[in-house]
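Accompanying notes for the structure given below.
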Amino acid sequence: MATVDVDTETASAARPRRRVDALFVLGLAIVVVVAILAVIGPWIGAYDPTLTTPDVSAPPPSLTELPGLMSTWLAGGPAPHFLGTDTSGFDIFSRLMAAPRTDLVIALSANGLSLVFGLLLGLLAGYFRNFVTELLMRVSDVLQSFPVFISAMVLVALAGRSTANIVIALAFVYTPIYIRLTRAEVLNQKNRGFIEAARALGNRELTIALRHVLPNSLAPALIQSSVTIGFAILLTAGLSFVGAGVRPPTPEWGLMIASGANEIILGEWWSSVFPGIAISITVFGFAVLGDALERRNEA
Amino acid sequence: MKLERAAIDAISIGARPLLAVEELTVGYPVDGGGMIRPVDGLSLAVRRGEIVGLVGDAGSGKSTAALAMLGLARRPGRILSGRVHFAGRDLLEMSADELRNIRGREIGIIVQNPRSALNPMLRIGRQIGLAYRAHNRATDEETRQRALEMLRMVGINDPERRVEAYAHELSGGMAQRALIAIALSSRPKLLIADEPTSGLDVTIQAQFLDEMWQTVQATGSAVLLVTQELGIVANYCDRVLVLHDGRVVEDALVEQFFEAPQHAYSQAVLRLHRERRLTFGATFPPRNGTPMVEVRGLIKTFPVRNSAKVVQAVDRVTLTIRPGETLGLVGESGSGKTTVGRCLLRLLQPDGGAISFEGADILAFGDADMRRQRAKLQIVLQDPFDSLNPRWTIRKILTEPLNLHTRQSRADKARRAAELMQLVGLDPALLERRPRGLGAGALQRVNIARALACNPSFIVLDEPTSVLSPQARAGLIELLGRLQKELGISYLFISHDLTSVQYVCHRVAVMYLGQIVEEGSVEEIFRRPRHPYSQALLSAHLFPDPSHRRVDNPVAPALQGEIPSPIDLPVGCYLASRCPYANAACRAAPQRLEPCADGRVVRCHRVVAGEIPVPERIEE
Numbered sequence: 350m351a352t353v354d355v356d357t358e359t360a361s362a363a364r365p366r367r368r369v370d371a372l373f374v375l376g377l378a379i380v381v382v383v384a385i386l387a388v389i390g391p392w393i394g395a396y397d398p399t400l401t402t403p404d405v406s407a408p409p410p411s412l413t414e415l416p417g418l419m420s421t422w423l424a425g426g427p428a429p430h431f432l433g434t435d436t437s438g439f440d441i442f443s444r445l446m447a448a449p450r451t452d453l454v455i456a457l458s459a460n461g462l463s464l465v466f467g468l469l470l471g472l473l474a475g476y477f478r479n480f481v482t483e484l485l486m487r488v489s490d491v492l493q494s495f496p497v498f499i500s501a502m503v504l505v506a507l508a509g510r511s512t513a514n515i516v517i518a519l520a521f522v523y524t525p526i527y528i529r530l531t532r533a534e535v536l537n538q539k540n541r542g543f544i545e546a547a548r549a550l551g552n553r554e555l556t557i558a559l560r561h562v563l564p565n566s567l568a569p570a571l572i573q574s575s576v577t578i579g580f581a582i583l584l585t586a587g588l589s590f591v592g593a594g595v596r597p598p599t600p601e602w603g604l605m606i607a608s609g610a611n612e613i614i615l616g617e618w619w620s621s622v623f624p625g626i627a628i629s630i631t632v633f634g635f636a637v638l639g640d641a642l643e644r645r646n647e648a
Numbered sequence: 133m134k135l136e137r138a139a140i141d142a143i144s145i146g147a148r149p150l151l152a153v154e155e156l157t158v159g160y161p162v163d164g165g166g167m168i169r170p171v172d173g174l175s176l177a178v179r180r181g182e183i184v185g186l187v188g189d190a191g192s193g194k195s196t197a198a199l200a201m202l203g204l205a206r207r208p209g210r211i212l213s214g215r216v217h218f219a220g221r222d223l224l225e226m227s228a229d230e231l232r233n234i235r236g237r238e239i240g241i242i243v244q245n246p247r248s249a250l251n252p253m254l255r256i257g258r259q260i261g262l263a264y265r266a267h268n269r270a271t272d273e274e275t276r277q278r279a280l281e282m283l284r285m286v287g288i289n290d291p292e293r294r295v296e297a298y299a300h301e302l303s304g305g306m307a308q309r310a311l312i313a314i315a316l317s318s319r320p321k322l323l324i325a326d327e328p329t330s331g332l333d334v335t336i337q338a339q340f341l342d343e344m345w346q347t348v349q350a351t352g353s354a355v356l357l358v359t360q361e362l363g364i365v366a367n368y369c370d371r372v373l374v375l376h377d378g379r380v381v382e383d384a385l386v387e388q389f390f391e392a393p394q395h396a397y398s399q400a401v402l403r404l405h406r407e408r409r410l411t412f413g414a415t416f417p418p419r420n421g422t423p424m425v426e427v428r429g430l431i432k433t434f435p436v437r438n439s440a441k442v443v444q445a446v447d448r449v450t451l452t453i454r455p456g457e458t459l460g461l462v463g464e465s466g467s468g469k470t471t472v473g474r475c476l477l478r479l480l481q482p483d484g485g486a487i488s489f490e491g492a493d494i495l496a497f498g499d500a501d502m503r504r505q506r507a508k509l510q511i512v513l514q515d516p517f518d519s520l521n522p523r524w525t526i527r528k529i530l531t532e533p534l535n536l537h538t539r540q541s542r543a544d545k546a547r548r549a550a551e552l553m554q555l556v557g558l559d560p561a562l563l564e565r566r567p568r569g570l571g572a573g574a575l576q577r578v579n580i581a582r583a584l585a586c587n588p589s590f591i592v593l594d595e596p597t598s599v600l601s602p603q604a605r606a607g608l609i610e611l612l613g614r615l616q617k618e619l620g621i622s623y624l625f626i627s628h629d630l631t632s633v634q635y636v637c638h639r640v641a642v643m644y645l646g647q648i649v650e651e652g653s654v655e656e657i658f659r660r661p662r663h664p665y666s667q668a669l670l671s672a673h674l675f676p677d678p679s680h681r682r683v684d685n686p687v688a689p690a691l692q693g694e695i696p697s698p699i700d701l702p703v704g705c706y707l708a709s710r711c712p713y714a715n716a717a718c719r720a721a722p723q724r725l726e727p728c729a730d731g732r733v734v735r736c737h738r739v740v741a742g743e744i745p746v747p748e749r750i751e752e
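Residue numbers (our numbering), protein chains in the order written: chain A, 350 to 648; chain B, 133 to 752.
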């Protein structure tokens, strides 16, 4: 027998042109730069980011001084402090470049952990609605009702101030978001025809949940990831700022802001402002990327 | 009536057409530059007092064309060239203000999906009023009167109450009629209706189209009716335009179109109807022997949220399906026919009754036994776009049942997948593709192939043709017949499309509010429906046959009023409140299914007593 109508909508083969999304490109560029810094950052600066230098509270050189300093450096002299040094004598530029490794590693691990737990629990809560999963949802409601910063601070304070504990604390506060997002999508997907078809074919419920529902319910959580990583960086810095985060002299933006915070009033603005700008740009990049991904997903 | 139409044609041939579209082209930019042109050099004319059907397959540009005639295009599309003469002026040359004046006042438009076209925040009366006031000066009181008048005209009961209603308080049919009221409030000279009845039940569809037809006859306005339904075309249109690749490829009077279709598309669409015409049922008899499926007293209820009440979805349904037989299950939406299909496969757990499959009581099976049994009991769902996992290739989709029920080698499975594709008439090269981008007809064939993978002996077909274009629908009906003949499968064919049922089924059961009201052979029920509900259903159905147009043989509306809520069902016969034959005895006592002399069963004591006349539906 002759084969039949395959592409009834021939028009759909030629997809309508997608507008180039400037924000998407900008967000992606920022994220890529931060990711590269996380790998090679500690070797960019001329100074070891964890060791002090004899120059204390040196302001960033003005543009007119810079050529002279550069030539001294090239002639074998000491390297310039491009962004100055703080009150302990740490080179701010070297620490600024090295910090993404600390911040991004914490943020990525925390996000990864909460993503995995959130996806699985959200899948169970959405697919098998029973007493246990409803209880899970109420617990996650309660967790979400605390400000994330307070929850994270309390958790780190209770568990002890270590990188692993910060990761766990962040993962804990972000998991409920993923549970809720995934559950909502699962509730959508589980009423679709191919789920019923899978059941009619004789699949077990758990198989249907894992093989059919989960892969089709990933998008909202993955898109949220970008935003969450941004906020996790902010939260890591915040914890360090209040002294509940990583220990000095680890290069970390929040710590850097904290160490300079007291001196701003004395006019020594550079040790806080540069890491502050770095955090803002990074969080902005992740948030914008997340937004753009969401728009693309909807389109 | 026919003479009158001829007279109108004669008068209007000399006159200028009301709407004349010339060389209209709409383009959409695509990746990599360039344009696709869904409407490409379209020319057509609509005269006063004429109902013109614009038909064509999915993707032929019908809806885009309908919008473009109002000077509109969905972004990022643009009208590239052409002229749209309306009452002597070119709409595409007009300023936005002038055009706005014409839209709504001179040309009304009705779109698909009435609910999304109504504003959920505004009362219906106010929405009609806004449309009216956009083009007419009127006081508040005049506007309200106008809204009431419009609602009354489109046949909404109790307009004083409905005028205060919000969109969500209206049924689909009423929402659609409210939309008509908006479109007609300024008495436009031309109405462009884009699939105005898609998603409506047949009885409401017929009511609405009857009203539209009467309005056109009374006011001399014209209608351009965009549709895929041949039944609508045959029964209401004077002329048919066939759209293909964005241009009109055939322009014929409706009788001509059905008698001697010219274009390949028209011939393909009409082939089944032309070949089968007045035959009923599948072309071969079922085998005798022990029943394949036997259902006794099936009951299914659903709890009502925040209430102790229940919805009685299926009420003591009894069915028998023999090997190689197709039983049609028909009825309006909400009649419970889909629930019956789900219960038969235990996709829903019945609340009572017995289901036996090849002699085994499947309700007694444990989970593991039931899963094994599913190789033999399959289902094809209504929406082909939704019933295939969008992330899987067709190969993976077809191999899933083989992995579940067989222990075949990889090579055997690949062979079987290719075999299945050929069986349903698809190119095995498609195996590596994902569902996205394939047409509804092809996807529904994949669904059927998946159901066939483990050689089932029984398949529930749940409205398998309802979202298909007429062309794909005809192909699928032929495919189902061929598969049944070759493989001896039994079908339960659930459908509200009586034209498909007519060609596919051996026997038909008619459902109303969870009960079977009549069951018999297709021919008996289609020719001589006995139960008042079957009679109403069949008289509302639009058969694609222009020699028996509904508008030429007006039928009195058989059923009045609204369907009772399945939560608070009446004590007596469920149809009593709407049935023209109901008497005190009907309202007092529930009706039993009783056999008639001619072998069918009917749930109506007056039918059994021979008190209800039986119309001869289709004369030869």
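Note that beta-carbon positions come from the ideal geometry of N, C-alpha and C, so glycine has one too.
Owing to the predicted nature of the structure, the values given are computational and were not obtained by experimental measurement.
Review point. Taking buried to mean at least 16 other C-beta atoms within 10 Å of its own C-beta, is Lys617(B) buried or exposed?
Key: Within 10 angstroms of the beta-carbon of Lys617(B) lie fewer than 16 other beta-carbons, which makes it exposed.
Review point. Mind listing which residues of the stretch 535-554 of chain B have their C-beta closer than 7 Å to chain A's C-betas, in chain order?
Key: Leu536 and His537
Check your understanding: Hey, would you say Leu520(B) sits closer than 8 Å to Leu575(B), going by beta carbons?
Key -> yes
Point to revise | For Glu382(B): DSSP bridge partner residues | key: Val374(B)
Point to revise | Beta-carbon spacing of Ala200(B), Ile211(B) below 8 Å | key: yes
Point to revise | For Arg309(B), the first and last residue of its enclosing alpha helix (DSSP H) | key: Residues Gly304 to Leu316.
Check your understanding: Of all the options Ile242(B), Leu302(B), Asp290(B) and Arg284(B), which has the alpha carbon lying nearest to the alpha carbon of Arg255(B)?
Key -> Leu302(B)
Exercise for review: Could you tell me which of Val734(B), Gly466(B) and Leu558(B) sits nearest to Ile699(B), measuring between CA atoms?
Suggested key: Gly466(B)
Practice item. Please confirm whether Asp594(B) and Gly484(B) have their CB atoms less than 8 Å apart. Key: Taking 8 Å as the Cβ cut-off, Asp594(B) and Gly484(B) do not qualify as a contacting pair.
Check your understanding: Helix, strand or coil for Arg454(B) per DSSP?
Key -> When DSSP states are grouped into helix, strand and coil, Arg454(B) belongs to the coil group.
Check your understanding: Which partner residues does Val449(B) have in the DSSP bridge list?
Key -> Leu430(B)
Review point. Below 8 Å between beta carbons: does that hold for Val654(B) and His638(B)?
Key: Yes; because the gap between Cβ atoms is below 8 Å, this pair is in contact.
Review point. Any beta-carbon of chain B closer than 8 Å to the one on Leu559(A)?
Key: No, its Cβ sits nowhere closer than 8 Å to a Cβ of chain B.
Review point. Any idea if Gly166(B) is buried or exposed, counting beta-carbon neighbours within 10 angstroms, 16 or more meaning buried?
Key: Exposed, by the Cβ-count rule.
Review point. Do Ala586(A) and Val505(A) have their C-beta atoms closer together than 8 Å?
Key: no
Practice item. Take Arg553(A) as the anchor and find which of Lys441(B), His537(B), Asp326(B) and Phe340(B) has the nearest alpha-carbon. Key: The residue with the shortest Cα to Cα distance from Arg553(A) is His537(B).
Practice item. Mind listing the chain A neighbours of Ser519(B)? Cutoff is C-beta to C-beta under 7 Å, in chain order. Key: Gly542, Phe543 and Ala546
Check your understanding: Taking C-beta to C-beta, are Pro564(A) and Thr399(A) nearer than 8 Å?
Key -> no
Practice item. Taking Ile168(B) as the reference, give the member of Gly378(B), Ile242(B), Asn289(B) and Ile324(B) with the closest Cα. Key: Gly378(B)
Review point. In whole angstroms, what is the alpha-carbon distance linking Ser489(A) and Ser463(A)?
Key: Looking at the two C-alpha atoms, the distance is approximately 13 Å.
Review point. Using DSSP with H/G/I as helix, E/B as strand and the rest coil, what is Ala508(A)?
Key: helix
Review point. Should Ile606(A) go down as buried or exposed, given a rule of 16 or more other Cβ atoms within 10 Å for buried?
Key: By the 10 Å Cβ count, Ile606(A) comes out buried.
Review point. Quick one: what does DSSP say Thr157(B) is sitting in, helix, strand or coil?
Key: strand
Practice item. Classify Ala279(B) as buried or exposed, calling it buried when 16 or more other Cβ atoms lie within 10 Å of its own Cβ. Key: A residue is called buried once 16 or more other Cβ atoms fall within 10 Å of its Cβ, and Ala279(B) is buried on that count.
**Study point:** Unbroken beta strand (DSSP E) run spanning Pro170(B), endpoints
**Key:** Looking at the DSSP string, the run of the beta strand (DSSP E) that includes Pro170(B) is Met167 to Val178.
Review point. Does the stretch 393-409 of chain A come close enough to the stretch 437-449 of chain A that 3 or more CB-CB pairs lie under 8 Å?
Key: yes
Exercise for review: Could you tell me which of Ile312(B), Tyr397(B) and Glu391(B) sits nearest to Ala263(B), measuring between CA atoms?
Suggested key: That would be Ile312(B), whose Cα lies nearest to the Cα of Ala263(B).
**Study point:** Per-residue DSSP class, three states only, for His561(A)
**Key:** If DSSP states are grouped into helix, strand and coil, His561(A) belongs with the helices.
Point to revise | Backbone secondary structure at Pro533(B) - three-state DSSP | key: helix
Review point. Using a Cβ-Cβ distance under 8 Å, would Leu513(B) count as near chain A?
Key: Taking Cβ atoms only, chain A reaches closer than 8 Å to Leu513(B), which makes this a yes.
Check your understanding: Which of the residues in the stretch 475-494 of chain B, read from start to end, lie with their CB under 8 Å from any CB of chain A?
Key -> Leu477 and Leu479
Exercise for review: Buried or exposed for Ala142(B), please, with buried defined as at least 16 other CB atoms from any protein chain shown within 10 angstroms of its CB.
Suggested key: Its pLDDT being 46, under 50, Ala142(B) is placed unreliably in this model, and the coordinates cannot settle the point.
**Study point:** 8 Å Cβ cutoff, Arg692(B) in contact with chain A
**Key:** According to the sequence displayed, residue 692(B) carries Gln and not Arg. Answer no: the Cβ-Cβ gap between Gln692(B) and chain A never drops below 8 Å.
**Study point:** For Phe489(B), the first and last residue of its enclosing beta strand (DSSP E)
**Key:** Where Phe489(B) is concerned, the enclosing beta strand (DSSP E) stretches over Gly484 to Phe489.
Review point. Along the chain, where does the alpha helix (DSSP H) that runs through Arg293(B) open and close?
Key: Pro291 to Arg294
Review point. Can you tell which of Leu432(A), Val595(A) and Ala547(A) has the C-alpha that lies nearest to the C-alpha of Ser620(A)?
Key: Leu432(A)
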